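Take the position in the sequence shown, starting the count at 1, then add 28; the result is the number in the numbering used here. The beta-carbon is built from N, C-alpha and C at its ideal position, and this holds for glycine as well. It should be emphasised that the depicted structure is a prediction, and the values quoted were computed from it without experimental measurement. Some notes on the structure that comes next.
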Amino acid sequence: MLRQGGHAALTLTLLLLLWREATPIEVPQDPKILQDLKQPPTIIKQSVKDYIVDPRDNIIIECEAKGNPVPTFSWRRNGKFFNIGKDPRVTMRKRSGTLEIGFRSGGRPEDYEGEYQCYATNEFGIALSNWILLRVSKAPLWPKEVLEPVMVTEGSPLVLPCNPPPGLPPPFTFWMNSSMSPIPLDKRVSMGLNGDLYFSNVLSQDAQTDYSCNARFTHTIQQKNPFTLRVQTSRKVAETTPTFLSPTGRESSKMVLRDEQLLLECIAAGLPTPTIKWFKKGGDLPGRKVKFEKYNKTLKIINVSEEDAGEYVCMANNHLGSIRHSIFVQVKAAPYWLDRPTDLVLAPDENGRLVCRANGNPKPNIQWLVNGQPIETAPPYPNRLILEDTIIFRLVQMGSSAVYQCNASNQHGYLLANAFVSVLDMPPRMLGPKNQLIKVVENNRTFLECPFFGSPLPDLRWFKNGQGSGLDGGHYRVYINGSLEIKRARAEDEGTYTCVASSILGKAENQVRLEVKEMMRIVRAPIDVSAIRGTTVQLDCKVKSDPSLPVTVTWTKDDKPLYLGWRLKKDGESLTINNVNEGDEGTYTCSAKSEIDHDSASGRLTVLDRPDPPMELDLSDPAARSIRLTWIPGNDNRSPIKEFLVQFQEDRWEPGRWQDLSSYPGDLNSVILQLAPFVNYQFRVIAVNSVGPSKPSQPSPWYKTSGAAPDAIPRGLRGWGSKKDNMEISWEPLLDLERNGPNLHYSVWWRRKDLGEDWSNVTSVGSKHIIQNTETYVPYEIKIQARNDFGSGPESNVVTGFSGEDKPTEAPKDLRVSKVDSTKANIHWKPVDLNSVLGEFKEYRLYFWRESSKVPGLVVSKEKKTKGFFSTTADPSGLLSDLVPFSRYQMFMVAANSRYEGPPSNTVEFSTREGVPDAPKLFRINRRSLDSLYLEWDKPLEPNGVLIGYQLKYRTVNGSRHGRLQLESFFPNVTEFSLRLPDRSTRYRFYLAALTQVGSGEVVMEESPHSANEAYMDQVDIATQGWFIGLMCAIALIILILLIVCFIKRSRGGKYPVRDKKDLPLDPVDQKDQDGSFDYHSDEDNKPLQGSQTSLDGNVKESDDSLVDYGEGGDGQFNEDGSFIGQYTVKKDKDETEGNESSEATSPVNAIYSLA
């Protein structure tokens, strides 16, 4: 062993350069491996180093260990072997090293105090526990003493000592009085760390109680005899500068161990009570670890470290002065680990090392032991080299397993660690499940696991589908633990993967089947949506995934499960919420999940509703024509309020009817309302958002405005004549809210215009006034003013009105035409004198009509038409258009004012020229067979001239391709054309126009069907077809046979009473219907036959009388729909009828019936 530090470091460096260390083997926690794995002992549970026990309980010292074989246990007490078998009070638990010491049969726990150490042993080594110092807790009694009353002057400091008896563990102290009430601690009165009670200054009220120190041990509380204070008071208490009660002097020192808690205390005396402050020289206080307690008298630092050492200064001050005390803090450290030795598992011929590094203050001493024995005295092992805190192992061999202990110690404590060295050989083993199936999502990073073990550590290789070389590199990566990483799984990566672990002791393999699935994704996700309350909302969630994987879709609302019902329904791709309400608002998440993949998407549903009505309407700031209205807006129900609508009602003209007053932006809730005078108002407010208006608010109090003269001028003032000798002045009355006061009336003024007359006036409460005996159509000036009891309103502007009009007296002269063509003609006339119009000149009104057509035999309408011409020139003219060509017209003209027409002018006849004809009527294409077309048409409705023929153009069509255009011309009397088809599928487009001498008229276009299914065949009269005639004959024959059978059954059936009919005479004259046809029915025909009831099968109920008895059975007739018409034969005698009953069998009708 090397003792020199320099030589050891040099030797270690050379060894590390020349020696290759094997990676230690990590033994997996697999039950099958651990069952066969031989290992040295390992301590897994033990009692604490400083173990204080209660003397009333049994003593239990724990020691548990594992190993294979199971370890055996032994103990050392105070460095000597502890023979458990000789002490009946001591037992050891089975398969454990835990000691139990009982005292039921006597004995003192104090006799077992000492230092214990557990040894766990098997054939591969010995593991040690810590040295466990066992002590019994003690609670000594407080010494009896007699305490004299403490005399103290008011304002002086005082210290009451506690001095509790020493115990194990040390007691917790506190102060109480004889009534068992805690002594209140504050800035002036405090308890020191040593348990003494400190008074920075004594007050007279401190003598009102006594003071007793209490010490709480583990199971008991001991109380010291109480102190009694007697305070000497004076009229004036002298103030004093601060002095320290604890600690004393100007400086002191404190030692604390690393990671423990540092408590520094400064208690000062003085009047007034001093204030304590803390500082650290050369730096700041460690803010995160510092805590001030007891009104800054105690400084606490938790988890002390080396940088917390230094000089701490506490300063006490009041207004008389200050004082300082320095505390020098030293931080020492018990040993703590830098590099704790760990278990080492090696294969034969491998290298390894154990490292034990610790630090402390002072620096700890490192000692190595092997199997509990100092390594210096242990049997030598040539493959082991000790270099201070490191043991190096080279080419280890089977049988060299052992447990090594590292002990790091200084004066403040020790550390003891066990680390075994196990030399192990084991063939490769596969630890995972066999032939595992792994499903992964495409394009994802994928790991195929292959846990294995062996000693020495086997080499692992991966193969795909049993072919090729090992997989590593590029798309694949193999990890030391056996995992195979596929960086991005693709469809071609599917297959069977084989992992093979091999070493010098053998090999083992396992297979993993990989399936790559399509990635799941939500292709149509729920979106944020706003819905109106009561409507239906659909949230989409369409999922696309691998078809071989079942997918479960769930919905949550605000991360909580969503319960479906009649309102909430889920189908494959959506969630439907019917009749949404406020409770449905939230974030909805659609989660799709399969066994290997998942996806989710969210959308927020916001439920909108009409706003709540405004509240608490208030009226303020009243004025003559305004008032301030203020309200509190209701809840907007998640849709901002756009506007407020203010409505009013009044109680004078339309009580109970709410009217709109004004609207205001949605951010206002206080507005000034402009009001009308002399109105009693009540207001309400409606809030409006994007959903709609709210319910109206509760109405405001009533508010009545004062009256005023009218502000408005009556609108619509005009003067006009209803007769030729009057003028009617009319206007629109003021609205109710424009009255402004009671007794509203109107003052109306008028006078002849331009004559300088005085104004005439009248007062009216209505809306018109008629002036009689005026000249015809003369101008008047008119004005009006509204008035009430409060005064007169503004006058209107002067308007001009006219008295009544009369019939014009003069006719236009010399009416004539020029430049007549087929549809237009220019007209000319001489004007009338405008004074003869006797009113406002409106127009020259032309009456014209079509007298006849020049086409022979064409009937025309002679309806009169009018056209107006406004002209005040000396030589007026106009254009008459939209005439029908080749026609004879007549016309005359009158002058017209607003009410009347004057006498007619001369009547003028003229003729229009020939034009082009209208389109032929009813152009249609019929198909009489599959290989020909039949075209027919009618003459134009308006030939507009003499027809000279027809022109037919046609071409084949096939989509966008057209054939050559062909032309056919026909005489005017030809209106049909047949065309043979070269091919049944050929389609034609036809253009047909009529011709006059002027030219070709309007063209009509038709297309033939492109197949037989679309064609409509020529509508032949089926009544002329042989098959139809034969069918009708067969139907008529069947009907005839059925009628005969019907009559036979009726003749053999019941008899009908004719008492109501036998005396009725026949009508001498046939009745005739309104349409000219004869009606052979009598009034009785529509009545049912009495005493009979005919069924659908023709059977008739029996009765006493029969139609046959009266000769009516065989002559009954039916109309076209088969209903019975009536009886027309004269009745026979009953005797004769009865005589015929015997011949019924020989009747030919009955013979037919019998055959039927």
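By DSSP, does residue i sit in helix, in strand, or in coil?
i	result
K114	helix
A629	strand
K60	helix
Y1181	With a pLDDT of 33 at Y1181, under the threshold of 50, the predicted position of this residue should be treated as unreliable, and no value is reported.
V98	coil
W103	strand
E601	coil
R844	strand
T303	strand
Y364	strand
C478	coil
A1229	Residue numbering for the chain in the displayed model covers 29 to 1184; residue 1229 lies beyond these limits and cannot be assessed.
H353	strand
R743	strand
E522	coil
V826	coil
A652	coil
M22	The requested residue 22 is not part of the displayed model; the chain covers only 29 to 1184.
I532	coil
K981	strand
F951	strand
A715	strand
Who are the near neighbours of residue i in its chain, counting only those whose CB is closer than 7 Å to its CB and skipping five residues on each side?
i	result
G220	Y226, S274, E293 and I295
R381	E49, T418, I419, I420 and F421
From the options, pick the residue whose C-alpha is nearest to that of residue i; which is it?
i	options	result
P693	A704, F711, N708 and P668	P668
A768	V827, I798 and V707	According to the sequence provided, residue 768 is Asn. The question's Ala does not apply to it. Answer by Cα proximity: V707.
A1196	K467, E929 and L762	Outside the modelled stretch of the chain, which goes from 29 to 1184, sits residue 1196, for which no answer is possible.
V571	V565, T563, T564 and T580	T580
R216	A243, L186, G195 and C190	L186
N393	R368, F480 and S437	S437
H440	R286, P486 and Y409	R286
N854	Y875, F830, E868 and G906	G906
Compare the beta carbon distance of residue i and residue j with 8 Å and say whether it is the shorter of the two.
i	j	result
S240	M204	yes
R746	H773	no
V373	D336	no
T900	R873	no
R105	Y79	no
A375	P486	no
S511	F481	no
A704	G821	no
Beta-carbon within less than 6 Å of residue i's beta-carbon, same chain only, minus the 5 sequence neighbours each way: which residues are those?
i	result
E623	none
I508	none
P721	I714
W686	Q675 and Q677
A406	V398
L603	L567 and W583
L257	V178, D234 and A235
Tell me which residues share the same chain as residue i and place their Cβ nearer than 8 Å to its Cβ, disregarding the 5 neighbours each side in the sequence.
i	result
S960	S1006, L1007, R1008 and L1009
W159	K77, E143, Y144, Q145, Y442 and L444
T261	E182 and S232
K1188	What the structure shows of the chain is the stretch from 29 to 1184, and residue 1188 is not part of that stretch, so it cannot be assessed.
Taking 7 Å as the cut-off, is the C-beta of residue i nearer than that to any heavy atom in the ligand FAD?
i	result
N399	The model depicted lacks the ligand FAD and carries no ligand whatsoever.
Is the CB of residue i under 8 Å away from at least one CB in chain B?
i	result
V571	Any reference to chain B falls outside this structure, which holds one protein chain only.
So, do the region 1051-1070 and the region 980-989 have three or more beta carbon pairs nearer to each other than 8 Å? no
For the pair the region 424-432 and the region 384-399, tell me if three or more CB-CB distances fall below 8 Å. yes
Is it true that the region 930-947 meets the region 990-1000, where meeting means three or more beta-carbon pairs spaced less than 8 Å apart? no
Is it the case that the region 491-505 contacts the region 446-466, given that we only count it when at least three CB pairs across the two stretches are under 8 Å? no
Contact the region 624-631 vs the region 536-551: 3+ CB pairs below 8 Å: yes
If you pair each beta-carbon of the region 409-416 with each one of the region 346-354, do three or more pairs fall below 8 Å? no
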